[in-house]
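Working notes, beginning with the structure itself.
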Amino acid sequence: MTRLYDEERLGVLLRLLRPAPMGWVRAAQELPDARRTFDEIVARAEADLAFRKALIADLEQALSAEGYEPDRRILDEIRERLSES
Amino acid sequence: MSRYASLSDAELVRSCREGVSEAWNELVERYSRYVYAIAVRGFRLSDEDAEDVFQDVFTRIYTRLDSLRDDSALRPWIAQLTRRRCLDALASKGREVPADDVLAGEETADLTEVEEAFTIREALSGLPDACQDILDRFFTRDQSYKTIADELEIPSGTIASRIARCLKRLRTELEETE
């Protein structure tokens, strides 16, 4: 069945889908890069015992010392991964 | 506009699986308003909770894209992921969560409107760029006639009539696609 829209209703519906904050969209678009960083850190932690111990002792400092700048979500995931193994 | 903007959802999903970063950017662009609207309109989450849900939903989409059985069913899959994460967010805050994923009447009404709004937005993408731009500026970015006129370098006295013409085209587009 064809639904008929008047201009007022179209305006109401158009207003519903407002842009998400630009920073949120950018962070989501950068996910593939963030995932690659996560995989790289986890692989290094599995292969390098000293790096792994440094991560467990002070995650943020250890990553910063190695030149990584991962976001909070990646930090949480690495913490979770380290606590699992 | 990215060349991926014209792809169907199924084509976009396939390109994302092949690791094409432009395709992923387009998927996020295409669905960011939708996920945001479900979180803030459908579930009335705070900005902080909505941001967590938003990022988590896109992380799940990215990491679980291989588990999507029907590539053309991207939208209902994203809707389901988003609703579940919103319910989790409400539960973690101790807010009352409808049992068994059954939403309260008011929330259902808002979610139905979000779905309808997405359909309108899809129809909007069939309009000329100039129409898409002016309707988006006026209705979703709340720009004044003056701001629109200044930024598009057109007389402010013509803005109202341009908006009316574009709304009429949008109606026609909707009637033709239904």
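Protein chains in written order, with the numbering used here: chain A, 3 to 87; chain B, 166 to 343. Quick reminder that beta carbons are idealized off the backbone N, C-alpha and C, glycines included.
To be precise: take each residue of the segment 274-305 of chain B, compare its Cβ to all Cβ atoms of chain A, and keep it if any distance is under 7 Å. Which residues remain? For chain A, the residues of the segment 274-305 of chain B that bring a beta carbon within less than 7 Å of one of its beta carbons are GLU278, VAL279, GLU281, ALA282, PHE283, ILE285, ARG286, LEU300, PHE304 and THR305, in chain order.
When the Cα atoms are used, what is the spatial distance from B/VAL193 to B/ARG250? Going by the C-alpha atoms only, they are around 17 Å apart.
In terms of residues, what are the limits of the alpha helix (DSSP H) holding B/SER290? Note, B/SER290: premise wrong, no alpha helix (DSSP H); not H, not E.
What does a CB cutoff of less than 8 Å around B/ASP265 pick up in its chain, not counting 5 residues either side in sequence? Note that B/ASP265 scores 46 on pLDDT, short of 50, meaning its location in the model is unreliable; the coordinates nonetheless yield the value given after this. The answer is none, since no qualifying residue turns up.
What residues from chain A crowd round B/VAL193, counting only those whose CB sits closer than 7 Å? Within chain A, the residues near B/VAL193 are VAL27, ALA30 and GLN31.
For B/TYR310, report the span of its alpha helix (DSSP H) as first-last. For B/TYR310, the enclosing alpha helix (DSSP H) covers residues 310-317.
With a cut-off of 8 Å, do at least 3 Cβ pairs link the segment 319-329 of chain B to the segment 280-291 of chain B? Judged by Cβ distances under 8 Å, the segment 319-329 of chain B makes no contact with the segment 280-291 of chain B, as fewer than three pairs qualify.
Looking at the C-beta of A/LEU15, does it have a partner C-beta in chain B at a distance below 7 Å? For A/LEU15, the answer is yes, since a Cβ of chain B falls inside 7 Å of its Cβ.
Within the chosen definition, does the segment 288-308 of chain B reach the segment 13-20 of chain A through at least 3 CB pairs nearer than 8 Å? Yes, the segment 288-308 of chain B touches the segment 13-20 of chain A.
Which word fits B/ASP275, buried or exposed, when buried means at least 16 other C-beta atoms lie within 10 angstroms of its C-beta? Buried.
Looking at chain B, which residues of the segment 54-79 of chain A have a Cβ within less than 8 Å of any of its Cβ atoms? So the list reads ARG75, given in the order they occur along the chain.
For B/PHE303, the first and last residue of its enclosing alpha helix (DSSP H): Counting along the chain, B/PHE303 sits inside no alpha helix (DSSP H), nor does DSSP assign it H or E at all.
Which residues in the same chain as B/ALA170 place their Cβ atom closer than 7 Å to its Cβ, once the five residues preceding and following it in sequence are excluded? Non-local C-beta neighbours of B/ALA170 in its own chain, meaning closer than 7 Å and more than five positions away in sequence, comprise GLU191, ordered along the chain.
For B/ALA188 versus B/SER237, is the C-beta spacing smaller than 7 Å? Contact flag unset, no.
The alpha helix (DSSP H) with B/SER186 in it runs from where to where? Counting along the chain, the alpha helix (DSSP H) containing B/SER186 begins and ends at 186-202.
Take every Cβ of the segment 44-61 of chain A, pair it with every Cβ of the segment 240-254 of chain B, and state whether three or more of those distances are shorter than 8 Å. Output reads no: the segment 240-254 of chain B does not touch the segment 44-61 of chain A.
B/LEU335: buried (16+ other C-beta within 10 angstroms of its C-beta) or exposed? Buried, by the Cβ-count rule.
At least one CB of chain A closer than 7 Å to the CB of B/PHE208: is that the case? Closer than 7 Å to the CB of B/PHE208 there is not a single CB belonging to chain A.
To the nearest whole angstrom, what separates the beta carbons of B/CYS197 and A/ALA30, a pair I think is in contact under 8 Å? It is Ser, not Cys, that sits at residue 197 of chain B in the sequence shown. Contact between B/SER197 and A/ALA30 is confirmed by a C-beta separation of about 7 Å, below the 8 Å threshold.
Between the segment 198-206 of chain B and the segment 219-237 of chain B, do at least 3 Cβ pairs fall closer than 8 Å? The segment 198-206 of chain B vs the segment 219-237 of chain B: in contact.
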